[in-house]
Amino acid sequence: MTTPTVAVGALGGTIASTSSSADGSEVVPTLTAELLVAAVPGLDEVAAVRAETLARLPSPSLDEPTILRTLQWAQAAVDEGATGVVVTQGTDTLEEAAYLLDLFWDRPEPLVVTGAMRSPAAAGADGPANLLTAVRCAAAEGSRERGVLVAFDDEVHQARWVAKTDSMSTSAFRSPVFGPIGRCVEAEVVYGVPADRIPPLKLLPGHAGGDPRVPLLATYLGDDGFIVDSIRADDVDGLVVAGFGAGHVSASMAEAIGRLARQVPVVFASRTGSGPTGRAMYGYPGSEIDLVARGAVGAGWLSPVKARLLLWALSLGGPVPRADVAAAFELRGRP
1 MTTPTVAVGA LGGTIASTSS SADGSEVVPT LTAELLVAAV PGLDEVAAVR AETLARLPSP
61 SLDEPTILRT LQWAQAAVDE GATGVVVTQG TDTLEEAAYL LDLFWDRPEP LVVTGAMRSP
121 AAAGADGPAN LLTAVRCAAA EGSRERGVLV AFDDEVHQAR WVAKTDSMST SAFRSPVFGP
181 IGRCVEAEVV YGVPADRIPP LKLLPGHAGG DPRVPLLATY LGDDGFIVDS IRADDVDGLV
241 VAGFGAGHVS ASMAEAIGRL ARQVPVVFAS RTGSGPTGRA MYGYPGSEID LVARGAVGAG
301 WLSPVKARLL LWALSLGGPV PRADVAAAFE LRGRP
């Protein structure tokens with residue numbers, strides 16, 4: 001039996017962090033991909049691993065151009081014969097990086113993202129176990145044609161739905177409503193749903209260096225739309241609003257959204273953490289029906305941060321017509 005080859009690219013994060021303090025505090029990313037791989041017992045029995053350090057950054061310092069360069073590295077690794085690819089990074093932005101990768105991942109081979117909640121020196125460090133699960137997932141035949149996956153705490157999640165739901169717990173990653181699609185049990189990756197994915201977007205020449213400006217705003221009690229009105233349309237490529245409940249905002253903010261939506265795409269999502277934006281339930285000023293009438297687009301089941309990434313990705317080629325934005329969210333914002 002041929003041993004699968006898995007490429008592991010490291011971006012930094014807690015999984016790669018060490019401390020110079022005696023008490024193990026103040027950790028920073030220092031470890032290379034080779035050191036991460038070497039610390040996982042039994043990894044060489046799962047796959048032949050090719051490790052490469054892509055960056056050593058804390059998760060909040062990652063950005064979209066870095067993730068697109070990671071995408072290109074992963075594509076090259078598959079083109080050079082890798083059965084699958086694993087990317088390790090910090091958890092704070094893991095759900096966003098995984099989704100951005102998923103939007104453009106155009107290979108049948110699996111691309112799996114993982115990380116850790118505890119640094120390597122901490123008692124009960126979870127990095128080695130998560131990396132082992134991720135490599136198993138990347139090497140598994142059943143992982144093909146599923147796009148980008150997130151492997152964490154012996155569970156496998158779709159990049160589109162996974163979210164970091166706890167600031168400290170080692171089981172921080174969950175897929176609200178839809179749940180994980182697979183588990184790693186006794187060294188076997190088992191899936192509970194058939195392979196199915198939405199066709200990826202095309203990353204055209206020059207896109208990898210692009211960086212559209214798409215801010216994300218969360219509404220709040222008493223929000224009068226002042227911040228939305230302070231945004232100059234010439235300074236942004238779009239806006240995503242994290243609204244109350246099913247995507248609602250105040251009447252005053254709805255008016256501000258309408259003014260901006262006449263000039264750039266505006267998308268509204270739900271800030272609740274679970275469930276979709278409404279389609280036809282409420283009709284008051286600031287409701288989903290009202291916002292759509294003013295030109296905004298509902299994000300569907302996508303969380304605000306992922307709605308922002310989709311609008312960002314759509315904007316890489318320049319201004320996007322509202323109809324195209326609506327069509328993209330209709331397709332990608334549904335289960």
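Note that the UniProt record's numbering gives residue 75 to position 75 of the sequence shown, counting from 1, and the numbers run on in steps of one. Even for Gly, the Cβ is constructed at its ideal location relative to N, Cα and C.
- Residue environment analysis places Met117 among the buried positions, since at least 16 neighbouring C-beta atoms fall within 10 angstroms of its C-beta.
- Under DSSP, Gly9 takes part in a beta bridge, and its partners are Glu52, Val87.
- Every beta strand (DSSP E) of 3 residues or more that sits fully in the region 59 to 117 is shown, in chain order, as 84 to 88, 111 to 114.
- DSSP places Leu217 in the strand class (E or B) of the three-state scheme.
- The shortest CA-to-CA distance from Arg322 to any of Glu330, Gly295, Leu316 is the one to Gly295.
- In the structure shown, Phe173 falls within a strand segment according to DSSP collapsed to helix, strand and coil.
- In the three-state reduction of the DSSP assignment, Glu155 falls in the strand class.
- From the listed residues Ala246, Leu31, Leu68, the smallest Cα separation to Leu291 is found for Ala246.
- For Leu239, the uninterrupted beta strand (DSSP E) segment begins and ends at 239 to 243.
- Taking a cut-off of 8 Å for Cβ pairs, the region 163 to 177 and the region 210 to 228 do not touch, as fewer than three such pairs fall below it.
- Distances from the alpha-carbon of Ser17 to those of Thr88, Glu80, Ile231 put Thr88 closest.
- The C-alpha of Trp105 lies about 42 Å from the C-alpha of Ala22.
- Put simply, the backbone Cα of Asp92 is about 32 Å away from that of Gln263.
- Across the structure, Val78 and Phe244 are spaced so that their CA atoms are roughly 42 Å apart.
- Taken through DSSP and simplified to helix, strand or coil, Phe178 comes out as coil.
- The Cβ atoms of Leu71 and Leu101 lie closer than 7 Å to each other.
- In the three-state reduction of the DSSP assignment, Gly298 falls in the strand class, which pools E and B.
- Nearest to Pro200 by C-alpha distance, out of Leu43, Gly147, Ala159, Gly225, is Gly147.
- Counted as a single uninterrupted DSSP element, the stretch harbouring Ala327 is not any beta strand (DSSP E) but the alpha helix (DSSP H) occupying residues 322 to 332.
- At the C-beta level, Ile15 and Gly115 come within 7 Å of one another.
- In this model, Ala140 and Val189 are separated by some 7 Å (Cα to Cα).
- In this structure, the straight-line span from the alpha carbon of Arg144 to that of Leu43 is close to 20 Å.
- Out of Ser175, Ala47, Ser171, Tyr282, the CA that lies nearest to the CA of Ala293 is found in Tyr282.
- Gly210 has its alpha-carbon roughly 29 Å from the corresponding atom of Ala151.
- For Glu26, same chain residues with a beta-carbon under 7 Å away, outside a window of 5 residues either side, are Ser19 in chain order.
- With contacts defined by Cβ atoms closer than 7 Å, Ala51 and Val37 form a contacting pair.
- Between Val267 and Leu331, the C-beta gap is not smaller than 7 Å, which leaves the two residues out of contact.
- Boundaries of the beta strand (DSSP E) around Ser270: 266 to 270.
- Fewer than three beta-carbon pairs drawn from the region 178 to 186 and the region 224 to 242 are found closer than 8 Å, and the two stretches are therefore not classed as touching.
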